[in-house]
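One structure is given below, encoded as structure tokens.
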Amino acid sequence: MKRFLGAALLAAGGGILVSQAVRTPIYAASGFQSGTPTTPQNQTTQSGSPVKGETAAANVSHTSDLAKAGGDLFDQNCSFCHGRDAMGGETGPDLTRSKLVLADVGGDKISEVVRDGRPQKNMPSFNFSNDEVLSLVAFIHAQAAKAASQNGKRRGVDVSDLQTGNVDQGKQYFDGAGGCANCHSPTGDLAGIAARYQGLQLEERMLYPREAKSRVTVTLPSGEKISGVLAYQDEFVIGLRDENGTYHSWSTTNVKYVVDSPVDAHVDLFSKYTDADIHNLMAYLQTLR
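Residue numbers for the sequence shown, in the working numbering: -6 to 282.
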């Protein structure tokens, strides 16, 4: 499990790369459905007789040409985040294992994401033509099919990969040796967390909750106490933002202060975790729906 630790700490949300013009399945225009292979068996002539192999071969060639053009477009616009082979990059997920891609038919889902972007995940929108989107969709599906045919060699971590622990032992660790219950509650801040996050997203937050804000309470010479989110700290200055967002800072020689850093407790556990601890704690957290 510790082999997933680095992946969890580096995991970043990301969206799929594919303008507002098209909302219907794009492949439909070319007579191609991503989930339905074009073969002689599922095509007929106007007379009702099966189309011969040469027509099917032409369709396969057409799809291959689309995927090649889409690969060039993907390389120029999408590979920085998703990798040149669409199997994931530094900031974007593996599209070949994406649930959205697997559920996509004729570009109906991929095209919306490409045209609208995903601002919440820092993915821009793209003003591609219909033909460009068509080729991009063909490339992504071709890469997904290629990945599905390979044994191993995947870069991503499936949710099922992280579902191997013991729930009861995970709860015991949460309430006991892990010290999790000192700061967290399954009916409070963690209520429903497994419905909001899954797989690496959940494990990332379990191991290193980077979004957790450190707080600080500063005691002035007068005895007045001011609390807020820690905004700056070094040997000479301590700064915070109060509940109104106003920034305050003081010389550390003139005040007393106490910093509460929730992340510290998680960092302390890095040297104490066993593989079983991580597996079991994940198993327990996955029950908090």
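Cβ coordinates follow ideal geometry from the N, Cα and C atoms, glycine included.
Pull up the distance between the alpha-carbon of residue i and that of residue j, whole angstroms please.
i	j	result
Ser178	Ile133	41 Å
Gln69	Thr210	49 Å
Gly64	Gly76	11 Å
Asn115	Arg234	26 Å
Thr84	Leu193	14 Å
Tyr166	Arg189	22 Å
Leu95	Gly82	19 Å
Thr170	Glu204	It should be noted that the sequence gives Ala, not Thr, for residue 170. Approximately 24 Å between the Cα atoms of the pair.
Ser242	Ile231	6 Å
Gln143	Pro202	34 Å
Leu262	Gln113	31 Å
Arg111	Phe121	16 Å
Ser104	Asp97	9 Å
Tyr225	Gly172	28 Å
Glu196	Gly238	31 Å
Val150	Thr212	47 Å
Tyr266	Cys176	18 Å
For a test of the three-state rule: what should DSSP assign to residue i, helix, strand or coil?
i	result
Val98	coil
Leu3	Residue placement at Leu3 cannot be trusted, given a pLDDT of 42 that sits under 50; what the coordinates show is reported in the next sentence. Note: Leu3 maps to helix in three-state DSSP.
Met80	coil
Val75	The sequence as given places His at residue 75; Val does not occur at that position. Helix, per DSSP.
Val230	strand
His259	helix
His272	helix
Arg90	helix
Arg282	coil
Asp235	coil
Ser242	strand
Val251	strand
Nearest to residue i by CA position, among the options, is which residue?
i	options	result
Glu228	Phe67, Ser244 and Asp235	Ser244
Glu217	Val248, Tyr240, Ile231 and Lys102	Val248
His154	Asn273, Arg282 and Leu281	The question names His, but residue 154 is Asp in the sequence shown. The candidate whose alpha carbon is nearest that of Asp154 is Asn273.
Asp268	Phe73, Thr56, Gln156 and Ile186	Gln156
Val107	Asp253, Leu129, Tyr266 and Tyr166	Leu129
Ala187	Ala60, Cys173, Gly81 and Arg282	Arg282
Leu183	Pro117, Thr280, Glu105 and Tyr266	Thr280
Gly185	Leu278, Asn237, His259 and Ser220	Leu278
Glu236	Thr246, Ser242 and Ser220	Ser220
Ala62	Glu105, Phe119, Gly110 and Asp124	Asp124
Ile271	Tyr240, Gly163, Thr246 and Thr212	Gly163
Gly99	Thr56, Leu213, Gly181 and Tyr250	Thr56
Arg306	Val160, Tyr225 and Met275	The structure shown does not extend to residue 306, since the chain spans only -6 to 282, so no value can be given for it.
Report all residues from its chain with a CB closer than 7 Å to the CB of residue i; omit the five preceding and five following residues, and keep chain order.
i	result
Ala79	Phe67, Leu88, Thr89, Ile133 and Gln136
Leu59	Leu127, Ser128 and Ala131
Ser215	none
Asn159	Asn273 and Ala276
Give me, in chain order, the residues of the same chain whose beta-carbon lies closer than 8 Å to that of residue i; leave out the 5 immediate sequence neighbours on both sides.
i	result
Ser207	Val222, Leu223, Val252, Asp253, Ser254, Pro255 and Val256
Asp168	Ala174
Tyr240	Ala224, Gly232, Leu233 and Arg234
For residue i, which residues in the same chain have their Cβ closer than 6 Å to its Cβ, ignoring the five residues on either side in sequence?
i	result
Val152	Gln191 and Gly192
Ala140	Thr89
Phe119	Val107
Please report whether the beta-carbon of residue i lies at a distance below 7 Å from any beta-carbon of chain D.
i	result
Thr180	Protein chain content of the structure displayed is limited to a single chain, and chain D is not contained in it.
Which residue spans inside the segment 114 to 174 form an unbroken alpha helix (DSSP H) run of at least 4? The segment 114 to 174 contains these whole alpha helix (DSSP H) runs: 123 to 141 and 160 to 168.
Restricting to runs no shorter than 3 residues, where is the beta strand (DSSP E) found entirely within the segment 181 to 228? DSSP runs (the beta strand (DSSP E)) wholly in the segment 181 to 228: 208 to 212 and 218 to 226.
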